[in-house]
Structures are given as structure tokens and as C-alpha cells.
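Comments concern the structure below.
In the working numbering, the protein residues as written are 1 to 500.
Structure (C-alpha cells):
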């Protein structure tokens, strides 16, 4: 936790920064923090050439501009799947440079006319599907100068995106799927499966399961080293959050109210750094609602804490020595906590542990009984099916009831039935007329029989064939580009000095 002196200055700045981001725009990441992490006076290299910190910062600001312009294909292609905001920006910087270099080596140029048309095609500059000069002028005059940019950087980003598209087309020029591949993928996606099931409910077996005292005692002795009470916390909470109303605030009104709440939370944070500051009194003066929260565990999310896991997590980081939290930011506003009590973890007694031990023994016995019953029923049904009887008749003979699950395909899944996902996944692996092994589910388990796979309508395939082929080609191009970019970046020998 930050100490009180640091909080006096840093926490208000963090709150103000958060409010400014909310008011300004909703982007993928907060660039300011990550740009700061790039360091200062460090020199990186790519293709053996130096890249100054000034150049890196400029490319990082281009990342922010690309977000504001909605250039999703460029961002998704060069950013990839980063593990942090810093990695996202660094991927953008270096991968953009790699794409430019490789496009130049391959002779892939972009004309000024193409760039002009590309700028006009950006959705952010359009109204009703047509280029809107007023929108363009407004963004160029208001947003770009604050980033140290002008129209040239917009054109540069569009040029980068057009280079990227040409590279993908070149790489994917041999990626056209064979007709047999298109048909196989269509069949896999649109082939209907008609199935029936026999269900086994674990609750039916739980109702009959027992848990003898001697087994409870034995299990307790085996597990008593792991049987612990849950740590609990008691806190006071001060809330600076949006009011709950039938018509929640939106847009500018919401941002303004969050700004007001943020300022109140800032005042509270500063006031709490004073010696002898009383949490409840300071919070009330700042306009916060103050509430005592009864004991709760890590798994609880008390309503008074806004149902926010982050607030609960913050409560368990507090100590009686450092009992007051920093301001915790959530979608609805801000929270501050004061720890008032801790119930430490301790070993459970036999009586305290008994309910969970009884439940464990019953569940294990019920599951074992269910598995045995399912195996017995499956054997009987399989015998009846081999004798030429229908599935419903075979199930009745085995003492159970079959039910029709219905028809489904990958393109048209059927999720309205119980255990639908497990049924469809198991059925996909079966041949027509086959009976599945016992398949466990969250509620017990099922036996599945594939009744029929109707013939595919060739006229529907003919209508979808070209569209599907294009999708397969696009997927192949994207896959090839990802691998290509990975290899080319390795060859670019990007060297970034460690920060710190």
C-alpha cells in the first residue's frame, strides 16, 4: 500500500487522470502510462539501425491516433495478442516498422490517390456512408494538434494500413482453397445431426446416498490438515458512486457526474493524510455515504461494496496497522475502505467440518452409484439395438426413458435443452446409429444416440460456396501473415534496452 505521504499527492492525481480518460474517449489502453514506461534517453535498434526515444514516442502516439480513427485491421494485425498495454504499444511500434520495411523490399507501393481515397473511407470521417469534410476538419483542427500531429500522420497511418492489405494479399495469393476443402468445411459446419438421449440425474442418487459417522470421522482425520475456516474481514466503506435510478446517466452527463465524484474522492483522500483524521467524519464531510460492512470472506461480494470483486480484493490487502485503503476506482465511481476487524484462519473442528464432509461422502457415493447404473443401462440398450430394436424401445426395456434431443449443426446449434453443449460435442464424434459412452455433465450424465444425419442440400451449398471460399482464403491469409510477421520481426533483430 502507498504510505500516507505518497497518497497525499499521488492518489488525487490518479483520480483526476482516470476522470480525464473517461471524459476524453474510451480506447483500448491508457497510452500515457505505457509511453512513460518506454523510458528516456534509451536507444533501441532494428535492422541494425538506431531508433531514438523521440521516434518511439512518436510511434506510440500514432497508436493512440489509430485507435481514435477506428483503424481496427491495422491495430489487430500489428498489435497481435499482447499481455499488457506496454507490450501492445511496443508491438505496434516495431511491427509497423517491419511491415514498412518489408513492403519496400517487395516493391509494394501505395499511391497518393489510394491514400486520399483511404482517408475518405475511414468511418470516423463519414456521415451516412459518405465522406464528411466537416468531421474531417473538426478532428484535424481539434484532436491532432494536442498530439503533436497534423494531416500527414493520418495519411501515414492510412498508407500503413494499405501496405498491410497488399502484403496480406501477396502472401495469400496461393491460399485459395481446393473445391474439396470448401465442401468438407461446409459439410462439417452445416451437416444436421438428429439425436436422442437418456439422462441420469445426480440428484436422484444423492437423495439415496448415506454418510455413516465412522466414514465422516475417518475422512476428517485424513483431511483435517486442510480443513480451515475462511479468513473474514469487517470494514467501513465510504462510497462516491453514481446514484441508482430508473434512468441511469449516460454520455456527457455521466462523465460530468463521475468527475464531480472523483473530485470529492480526491478531497477525501487528501484529508485522510492529516494526523488523527477520522475516517467516517472525513468521508461524511466529503459527501460520501459511510456504511459498516459485516464480516465477509474473499468469495463474498457484499452489496455495500458495490458487488465489485476489486473492492473485496482491496479489503484483504489491508492490515490493522495500515487500515485505510487507497481510493478504489470502479465503473460506478469510487470506494475507500477502513479495516475494522479480522477473523483469522484456523483449523475447523469435527462439528464445524461435518456439513462439508457429509456432502463430500454423499456426492462420492452418489457419483459411484450413478456410474454403475449408467454402465448397466448402456449395456442393456446396446444389446437391444444390436437385436434390431429402436432406441426408445431399447431404453424402455432397460428401465429408463429416451427423449428426442432434436436436430442441430455447427451453424445452427441447439442450446435450449439441458446439457446441450455436452450432447452436441459427444454426438459430433459419433457415426450415424452409434451409441455414446456415458458422458458426464454438470447435473449427472447422458447416453447419446445419433439417430440420423440427413443428406445435405446441394443447392444451399452452391449458394454458399463462393462466400465460404472467400472466408477460408481470408483466414488462410491472416494465419500466414501472423507467422510471416513473427519470422520477419525475428530477422529484424529488434533490440530494446532494459528500462530502469
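Idealized CB from N, CA, C, for every residue including glycine.
Selected residue, minimal CA-CA separation from residue i, among the options
i, options, result
"residue 337", "318, 352 and 343", "318"
"residue 350", "465, 395, 216 and 170", "216"
"residue 57", "89, 47 and 73", "89"
"residue 478", "176, 190 and 247", "176"
"residue 231", "276, 181 and 313", "313"
"residue 115", "97, 78 and 153", "153"
"residue 167", "293, 83 and 101", "101"
"residue 327", "357, 267, 383 and 475", "267"
"residue 65", "144, 78, 79 and 81", "144"
"residue 347", "69, 473 and 225", "225"
"residue 334", "342, 237 and 170", "237"
"residue 75", "150, 162 and 448", "162"
"residue 484", "172, 155, 384 and 395", "172"
"residue 77", "121, 134, 48 and 165", "165"
"residue 324", "340, 413, 111 and 309", "340"
"residue 107", "295, 170 and 113", "170"
"residue 183", "277, 472 and 91", "472"
"residue 156", "71, 301, 141 and 229", "71"
"residue 286", "275, 309, 261 and 308", "261"
"residue 283", "263, 294 and 296", "263"
"residue 233", "297, 142 and 355", "297"
DSSP three-state assignment for residue i, whether helix, strand or coil
i, result
"residue 355", "helix"
"residue 131", "strand"
"residue 202", "helix"
"residue 47", "coil"
"residue 262", "helix"
"residue 157", "helix"
"residue 76", "helix"
"residue 179", "helix"
"residue 116", "helix"
"residue 106", "coil"
"residue 328", "strand"
"residue 40", "With a pLDDT of 45 at residue 40, under the threshold of 50, the modelled position of this residue cannot be trusted, and the question is left open."
"residue 312", "helix"
"residue 340", "strand"
"residue 240", "strand"
"residue 145", "helix"
"residue 22", "Caution is warranted here: a pLDDT of 35 is assigned to residue 22, below 50, making its placement in the model unreliable, and the coordinate value is therefore given only provisionally. Of the three classes helix, strand and coil, the one that applies to residue 22 here is helix, per DSSP."
Cα-Cα separation, residue i to residue j
i, j, result
"residue 418", "residue 198", "12 Å"
"residue 352", "residue 362", "17 Å"
"residue 222", "residue 208", "25 Å"
"residue 433", "residue 194", "10 Å"
"residue 572", "residue 129", "Residue numbering for the chain in the displayed model covers 1 to 500; residue 572 lies beyond these limits and cannot be assessed."
"residue 407", "residue 428", "12 Å"
"residue 488", "residue 46", "11 Å"
"residue 33", "residue 369", "Confidence is the limiting factor: at residue 33 the pLDDT is only 45, short of 50, which leaves the residue's position unreliable and the question unanswerable from this model."
"residue 453", "residue 132", "53 Å"
"residue 438", "residue 246", "49 Å"
"residue 497", "residue 415", "52 Å"
"residue 292", "residue 235", "6 Å"
"residue 240", "residue 87", "33 Å"
"residue 423", "residue 442", "12 Å"
"residue 99", "residue 465", "33 Å"
"residue 251", "residue 63", "25 Å"
"residue 525", "residue 85", "Residue 525 lies beyond the residue range present for the chain, which begins at 1 and ends at 500; the question has no answer from this structure."
"residue 202", "residue 299", "26 Å"
"residue 52", "residue 150", "21 Å"
"residue 385", "residue 367", "26 Å"
"residue 141", "residue 486", "37 Å"
"residue 117", "residue 138", "19 Å"
Cβ shell of residue i (< 7 Å), same chain only, five flanking positions each side left out
i, result
"residue 93", "56, 59 and 60"
"residue 382", "435"
"residue 495", "44 and 45"
Cut-off 6 Å between Cβ atoms - residues of its own chain near residue i, not counting five sequence neighbours on either side
i, result
"residue 109", "none"
"residue 200", "370, 374, 444 and 445"
"residue 189", "410 and 411"
"residue 398", "377, 380 and 381"
"residue 227", "348 and 353"
Same chain, Cβ closer than 8 Å to residue i, five either side skipped, listed in chain order
i, result
"residue 186", "456, 461, 464, 465 and 468"
ask   = Could you give the uninterrupted runs of the alpha helix (DSSP H) lying entirely in the stretch 405-447, keeping only those of 4 residues or more?
value = The qualifying runs are 420-428.
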